[in-house]
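*Asks:*
Protein chains: 2
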Amino acid sequence: MEFQRGQTIIVEGEPANSFFNVTSGVVKLLRSLPSGRIQIVGFRQPGEFFGIAEGEKYTSSAEAITCGTVCRFSRAGLENELRTYPELQTRLLFMSFKQLTASQEQALMLGRMTAREKVASFLMLYGYRSLHDHIKQKQWAMLPMSRAEIADFLGLTIETVSRTLTSLARDEIIAVGRKSHFIQVIDPAALAHATGSSRQDV
Amino acid sequence: MEFQRGQTIIVEGEPANSFFNVTSGVVKLLRSLPSGRIQIVGFRQPGEFFGIAEGEKYTSSAEAITCGTVCRFSRAGLENELRTYPELQTRLLFMSFKQLTASQEQALMLGRMTAREKVASFLMLYGYRSLHDHIKQKQWAMLPMSRAEIADFLGLTIETVSRTLTSLARDEIIAVGRKSHFIQVIDPAALAHATGSSRQDV
DNA sequence: CGAAGGTTTGAATATGCTCAACTAATGTGG
DNA sequence: CCACATTAGTTGAGCATATTCAAACCTTCG
Chain A
1391 MEFQRGQTII
1401 VEGEPANSFF
1411 NVTSGVVKLL
1421 RSLPSGRIQI
1431 VGFRQPGEFF
1441 GIAEGEKYTS
1451 SAEAITCGTV
1461 CRFSRAGLEN
1471 ELRTYPELQT
1481 RLLFMSFKQL
1491 TASQEQALML
1501 GRMTAREKVA
1511 SFLMLYGYRS
1521 LHDHIKQKQW
1531 AMLPMSRAEI
1541 ADFLGLTIET
1551 VSRTLTSLAR
1561 DEIIAVGRKS
1571 HFIQVIDPAA
1581 LAHATGSSRQ
1591 DV
Chain B
1391 MEFQRGQTII
1401 VEGEPANSFF
1411 NVTSGVVKLL
1421 RSLPSGRIQI
1431 VGFRQPGEFF
1441 GIAEGEKYTS
1451 SAEAITCGTV
1461 CRFSRAGLEN
1471 ELRTYPELQT
1481 RLLFMSFKQL
1491 TASQEQALML
1501 GRMTAREKVA
1511 SFLMLYGYRS
1521 LHDHIKQKQW
1531 AMLPMSRAEI
1541 ADFLGLTIET
1551 VSRTLTSLAR
1561 DEIIAVGRKS
1571 HFIQVIDPAA
1581 LAHATGSSRQ
1591 DV
């Protein structure tokens, strides 16, 4: 199943009939409030799954950040697969643990980090290797997500993300390309320090 | 394995040799920053597990909120159990999905809710049924966690949690007992409305 | 009773948000 | 290919929410 940038794949609250595995591209998972506020609760890259909930309804929506493809399983089909290939279940469990850890890491960021620490942490996660694999530049990393998506992931506003990136660039820790999706990490140690999570500081 | 209130069960960063299942009591999972800031990334009640990570080290610490007991499995022992009882793995996968959903719910709270919405959401989750099962009062719910723990779960300060509870009480949505761990929901509809997550408002 | 821990309340402050203007990049039709 | 519209991103000023620091309060426990 192919999708285009911005395309909605699943909608929060609808019957959870399918389960997806990303084969190419990047997908964002998000939850929203009636007032229109959005929180991105995770990104899914090739090899990662989404769309399974413990209940009968999806607990988050999924939208494509880049164009790409996903593999779609029906719920029943998946259960069948699991019965025939028990190692698949082990693999799924392992990936689920990984996603849980990532989600807890995000909770730490959201709850206890300053804007600068959040943005620095985000860049440590996504600012090095290009998620977009068909673009290969040595020094410059291509962030597939927009400023709005970074903001919705970090629990900030677009303006604060923009200001913080500018500030990190002014401090020569990173450089921002003319096309704003391109970012270069100039001083990795300083970036790690700016996250507030590295051990050797304080 | 028994534990007392406040007792540390596992420590973030140490080798992940064991896996735990809560049999009684309540446990908090937390991550911390070098600067001393704490974020609680989940609570674990009877029947729920913790302590498994995708890597070799624990990614969060665990501390007892109440006295209680946990069942401890060695990593190898668990792998054995899984091989002999495949349904156990299915059950574990299911619970893992549930924890992931809860963590994503928390991300929404942390990233996009106001202090009042956070506290109201917290009370919707934990303010009705007493987690402490040996205390049974009809109207009053007993919150096992302190103001500090609520604050560390919601990404707020103790003062803000306290002020917000006082405010909700002033609005006659809840009542706070003289023993501050006791809370009564007076107006459930108003509480739901105060979360900002209910559909019929806006 | 006095000490200790947890909680509440108050006043001033700071961090990030809102609103608004401006700039840069992208796309469209003539 | 250029003028113009459109969208995404940046920058600025003032403001609001939650924090910090400080003091008071209340329960519990020795």
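Those protein sequences? They're chains A and B, same order as listed. Residues in the first sequence are numbered from 1391 upward in steps of one, following the working numbering. Residues in the second sequence are numbered from 1391 upward in steps of one, following the working numbering. Just so you know, even glycine gets a beta-carbon here, dropped at the ideal spot from N, CA and C.
1) Since residue 1418/B sits in a beta bridge, which residues does DSSP pair it with?
2) Once you ignore the five residues that flank residue 1552/A on each side, which residues in its own chain have a CB closer than 8 Å to its CB?
3) Using a Cβ distance threshold of 8 Å, determine whether the segment 1412-1420 of chain A contacts the segment 1460-1469 of chain B, with at least three qualifying pairs required.
4) Just the Cα atoms here: how many angstroms apart are residue 1483/A and residue 1550/B?
5) Could you tell me whether the segment 1440-1448 of chain A touches the segment 1491-1505 of chain A, where touching means 3 or more Cβ pairs closer than 8 Å?
6) In its own chain, which residues sit with a C-beta less than 8 Å from the C-beta of residue 1421/B, not counting the 5 before and 5 after it?
7) Taking Cβ-Cβ distances shorter than 7 Å, what residues in chain A pair up with residue 1488/B?
8) Please confirm if residue 1493/A has its CB atom under 7 Å from at least one CB of chain B.
9) Could you tell me the boundaries of the beta strand (DSSP E) in which residue 1509/A lies?
10) Nearest to residue 1581/B by CA position, among 1532/B, 1548/B and 1516/B, is which residue?
11) Between the C-alpha atoms of residue 1473/B and residue 1481/A, what's the straight-line distance to the nearest angstrom?
12) Give the C-beta separation of residue 1410/A and residue 1468/A to the nearest angstrom, bearing in mind that I take them to be a contact with Cβ-Cβ under 8 Å.
13) Would you identify the three-state DSSP class for residue 1392/B, choosing helix, strand or coil?
14) Going along chain B, which residues have a C-beta under 7 Å from residue 1501/A?
15) State yes or no: is the C-beta of residue 1549/A nearer than 6 Å to some heavy atom of the ligand PLP?
16) Between 1507/A, 1406/A and 1589/A, which has its C-alpha nearest residue 1466/A's C-alpha?
17) Whole-angstrom Cβ separation of residue 1412/B and residue 1434/B, contact assumed at under 8 Å?
18) Could you pull out every residue in the same chain whose Cβ sits closer than 8 Å to the Cβ of residue 1478/A, ignoring the five residues on either side in sequence?
19) Whole alpha helix (DSSP H) runs in the segment 1545-1591 of chain B with 4 or more residues, listed along the chain?
20) Would DSSP call residue 1406/A helix, strand or coil?
21) Grouping DSSP H, G and I as helix and E and B as strand, with all else coil, what is residue 1465/A?
22) Who are the near neighbours of residue 1554/A in its chain, counting only those whose CB is closer than 6 Å to its CB and skipping five residues on each side?
23) Take residue 1446/A as the anchor and find which of 1487/B, 1423/B, 1576/B and 1574/B has the nearest alpha-carbon.
24) Please determine, among 1579/B, 1496/B and 1490/B, the residue with the shortest C-alpha to C-alpha distance to residue 1545/B.
25) Can you give the Cα-Cα distance for residue 1532/B and residue 1400/A, rounded to whole angstroms?
26) Less than 7 Å between CB atoms is the rule here; does residue 1497/B satisfy it with respect to chain A?
27) So with Cβ pairs under 7 Å, would you call residue 1554/A a contact of chain B?
28) Check distances from the C-beta atoms of the segment 1395-1427 of chain A to those of chain B and list, in chain order, the residues that come in under 7 Å.
*Replies:* Inspection of the coordinates gives the following:
1) Counting from 1 along the second sequence, the entry for residue 1418/B is found at position 28. BP columns for residue 1418/B point to 1433/B and 1453/B.
2) The count along the first sequence starts at 1 and reaches residue 1552/A at position 162. Excluding positions up to five away in sequence, the list reads 1537.
3) no
4) Taking the first sequence and counting its residues from 1, the one referred to as residue 1483/A is at position 93. Taking the second sequence and counting its residues from 1, the one referred to as residue 1550/B is at position 160. C-alpha separation (whole angstroms): 38 Å.
5) In short, these stretches do not touch, since the Cβ pair count stays below three.
6) Position 31 of the second sequence, counting from 1, holds the residue named residue 1421/B. Contacts found: 1402, 1428, 1429, 1431, 1449, 1450 and 1451.
7) What you label residue 1488/B is simply residue 98 of the second sequence in a count that begins at 1. Per Cβ cutoff of 7 Å: 1444.
8) As a first step, residue 1493/A is located in the first sequence; it is residue number 103 there, counting from the start. Yes, its Cβ sits closer than 7 Å to a Cβ of chain B.
9) Residue mapping note: residue 1509/A aligns to position 119 of the first sequence, counting from 1. Counting along the chain, residue 1509/A falls outside any beta strand (DSSP E), though it belongs to the alpha helix (DSSP H) covering 1505-1516.
10) Mapped onto the second sequence, residue 1581/B falls at position 191. Among 1532/B, 1548/B and 1516/B, the Cα nearest to that of residue 1581/B is on 1516/B.
11) If you number the second sequence from 1, residue 1473/B lands on position 83. If you number the first sequence from 1, residue 1481/A lands on position 91. Approximately 14 Å, taken between the alpha carbons.
12) Translated into positions along the first sequence, residue 1410/A becomes position 20. Translated into positions along the first sequence, residue 1468/A becomes position 78. With 8 Å as the limit, residue 1410/A and residue 1468/A do not qualify as a contact, their Cβ atoms being about 10 Å apart.
13) As a first step, residue 1392/B is located in the second sequence; it is residue number 2 there, counting from the start. Correct three-state label for residue 1392/B: strand.
14) Here residue 1501/A corresponds to residue number 111 of the first sequence, with the count starting at 1. The answer, in chain order, is 1429, 1500 and 1545.
15) What this structure holds is no ligand at all, so the ligand PLP is not there to describe.
16) Within the first sequence, numbered from 1, the residue matching residue 1466/A stands at position 76. Among 1507/A, 1406/A and 1589/A, the Cα nearest to that of residue 1466/A is on 1406/A.
17) Translated into positions along the second sequence, residue 1412/B becomes position 22. Translated into positions along the second sequence, residue 1434/B becomes position 44. Residue 1412/B to residue 1434/B, Cβ: 5 Å. Contact.
18) Position 88 of the first sequence, counted from the start, is the residue given in the question as residue 1478/A. Closer than 8 Å at the Cβ level, and outside the excluded window around residue 1478/A, lie 1471 and 1472.
19) 1548-1560 and 1578-1585
20) Your numbering for residue 1406/A matches position 16 in the first sequence. If DSSP states are grouped into helix, strand and coil, residue 1406/A belongs with coil.
21) Within the first sequence, residue 1465/A is the residue found at index 75, counting from 1. Helix.
22) Working through the first sequence from its first residue, we reach residue 1554/A at position 164. So the qualifying residues of the chain are 1505, 1506 and 1509.
23) Start at 1 with the first residue of the first sequence, and residue 1446/A comes out as number 56. Nearest C-alpha to residue 1446/A: 1487/B.
24) Stepping through the second sequence from its first residue, residue 1545/B is reached at position 155. Comparing Cα-Cα distances from residue 1545/B to each of 1579/B, 1496/B and 1490/B, the minimum goes to 1496/B.
25) As a position in the second sequence, residue 1532/B is number 142, starting the count at 1. As a position in the first sequence, residue 1400/A is number 10, starting the count at 1. Distance between the alpha carbons of residue 1532/B and residue 1400/A is about 38 Å.
26) Within the second sequence, the letter at position 107 stands for residue 1497/B. Interface residue, yes.
27) Here the question's residue 1554/A lines up with position 164 in the first sequence. By this cut-off, residue 1554/A is not an interface position.
28) Result list: 1421, 1423, 1424, 1425 and 1427.
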